[in-house]
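Under mature numbering (1 follows the signal peptide of the UniProt record, and there is no 0), read the sequence shown as residues -23 to -1, 1 to 394, first letter to last.
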Amino acid sequence: MKTLTAVIFLTVNLFCVLEVSNSKPVIDCYLDSDNPNESCYGNVDDAKRVKVKRSMKTLSEDSLKTIPNLFEIAMDDSELEEIQPGTFKDLPKLNAIRLKGNNLREIKSGTFVNLRVWYFFLWWNSISVLHEGAFQNVTQVRQMYLENNDLEELKRGAFKDVYVRYLRMGKNKISKIEAGALAGLFPHDKYGLNVTLNNNRLEEIDPAAFDNKDMRVLDLSRNSISVLRPGDLSKLPSLKTIILTGNKIKEVPEGVFSGTSIVEIILNVNEISVIASNAFHDMENLDNVEIRHNKLKEWNGNWFRGTESILISLSSNSFETIPAEAFKNLPNGCIVELNNNQIKSVSDSAFSGTTNIDTLLLRNNQLEEWSADLLKNVKIEELDLRGNNIKCPEDGSKSLAPTAAFVHISACPSEYF
């Protein structure tokens, strides 16, 4: 069906948007702060979107009651300070609530209840409190944005029977999450429950707080977490991705990740200098580990036992050598990134116990030589040694790893086009 859109300017402060299609014309409905006791004016039988003619301090319980077909509330940057409980009742077609950039300071109990709204845009307000029952029986949320507010604590009961795909609460001031505060969240669809709490002030992962059987992705990047403890993730049985970039973690001990079905662990930009020998043992679902920009100096050949397919990125650390049997526990077809370290030497038996590596990246280290015997018994797709001090062999770069499909050395002209 073809749809034409025309914008008709009526006054400086008021305009209508007409969507012309095979159905009846649809006209925006405006709330007027000059008449706070009046309901929305305009063609309310056909109105699908509410806007504000001027600024509006309060959305009252009766503000929207005469608009049965309301589909979207578009009140960004309207100086709104209060939403009274009951404002959104009896609006079965409501799909999106856009309240970005207002002056809301709290979400009262009963504000968002019995809704099938897909999108909540509540970012860039001054919300410091979500009262118990603020969100209750909200069942089809694709995206809920509560970012860039002033939340300091998540209280138990603020979310009750909320079915959501993405809950975004980054860039607040959250330092405490009450036990059970996230237990009222459920996945909306096959994409699971994804919770973002980046750029807050959390100092630990409290299993009593992070207790949710359906959470698939948890983003805790750029908080103040300094310690990982065994059992921290024990009440997140469905967790697939944990993002802890930009915290203050110094060590990865045994037992933090065991017993989980985690696929992806991201620990970039921390202060990690120690990883327990069995920190990642027997994680058959583990597929991606990123520990870039940390303080690791020693590679442990016992890491990653029992993994089946994995990309390991340990670039931008302080490794100086690759020891004997460094990769013996890695599965066939793994990808290893060790770029931007200080690697000067590789043990003659570094690849003992290894038969197949997909990609080995050693760019920008301090290697001056590479023996062709290192990988003679290893099938490898790509070896990248650019940014080292290795001279180009007379027989070309491929002679350094005859079994490799691609070998890259800065000193050799490119052999691949």
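For every residue, glycine included, the Cβ atom is placed at its ideal position computed from N, Cα and C.
Just so you know, these numbers come straight off a predicted model, no measurement behind them.
Would you please state the rounded distance, in angstroms, between the beta carbons of residue i and residue j? I believe it to be under 8 Å.
i    : j    : result
G283 : D259 : 4 Å
R133 : A158 : 5 Å
H385 : L362 : 6 Å
I367 : L344 : 6 Å
N309 : N294 : Not confirmed; about 25 Å, so no contact.
L307 : W347 : Actually they are not in contact, since the Cβ atoms of L307 and W347 sit about 20 Å apart, beyond 8 Å.
Which of the three DSSP states is assigned to residue i in this structure?
i    : result
S322 : strand
L77  : The residue asked about is misnamed: residue 77 is Lys in this sequence, not Leu. Looking at K77 - three-state DSSP - the assignment turns out to be coil, as it is neither helix nor strand.
S374 : helix
I4   : Low per-residue confidence applies at I4: pLDDT is 47, beneath 50, and the placement is therefore not dependable, though the value from the model is reported in the following sentence. Coil, per DSSP.
A381 : strand
M52  : coil
V204 : coil
R142 : strand
P164 : strand
K137 : strand
E359 : strand
T43  : coil
D183 : coil
I386 : coil
R199 : coil
E124 : coil
Q113 : strand
D335 : strand
N265 : strand
K305 : coil
V94  : coil
V118 : strand
E275 : coil
Do residue i and residue j have their C-beta atoms within less than 7 Å of each other?
i    : j    : result
L99  : L71  : no
L291 : L263 : no
I242 : I226 : no
L195 : L221 : no
S103 : N80  : yes
R193 : L170 : yes
G330 : K356 : no
L216 : I239 : yes
E371 : T336 : no
F89  : V106 : no
L288 : I268 : no
K85  : H108 : yes
Applying the 10 Å Cβ sphere with the 16-neighbour rule, what's the burial state of residue i?
i    : result
S185 : Reading off the sequence, residue 185 comes out as Ala, not Ser. Under this definition A185 is an exposed residue.
R75  : buried
K28  : buried
Q113 : buried
D209 : buried
N354 : exposed
R206 : exposed
A382 : exposed
G110 : buried
K148 : buried
S374 : buried
P379 : exposed
A135 : buried
S40  : buried
E38  : exposed
A256 : buried
E49  : buried
Sorted by chain position, which residues of the same chain lie with C-beta nearer than 6 Å to residue i's C-beta, five sequence neighbours on each side aside?
i    : result
Q120 : Y96 and Y143
E130 : K153
K212 : P184 and D188
P164 : L170 and D191
S235 : none
L338 : E314, N316 and D361
L68  : L47
N265 : E241 and L288
P62  : K85, G87 and T88
R145 : Y122, E124 and T173
Keeping to the same chain, check which residues put their C-beta closer than 7 Å to that of residue i; ignore five residues upstream and five downstream.
i    : result
W276 : F296, I299, P300 and A303
I202 : L179, E180, E181, I182, L221, N224, K225 and I226
N341 : N316, N317 and G364
I151 : L128, E129, E130, L131, L174, N177, R178 and L179
C389 : C369, G373 and S374
W101 : K77, G78 and N125
L92  : F65, L71 and V115
In chain order, what residues of the same chain have a beta carbon less than 8 Å from the beta carbon of residue i, not counting five sequence neighbours either side?
i    : result
A327 : I299, P300, A301, E302, A303, F304 and L351
E59  : K34, T35, L36 and L81
G278 : P300, A301, E302, A303, F304, K305 and N306
T332 : N309, N354, V355 and K356
Does the distance between the C-beta of residue i and the nearest non-hydrogen atom of the ligand MG fall short of 6 Å?
i    : result
P164 : The ligand MG is absent from the structure shown, which contains no ligand whatsoever.
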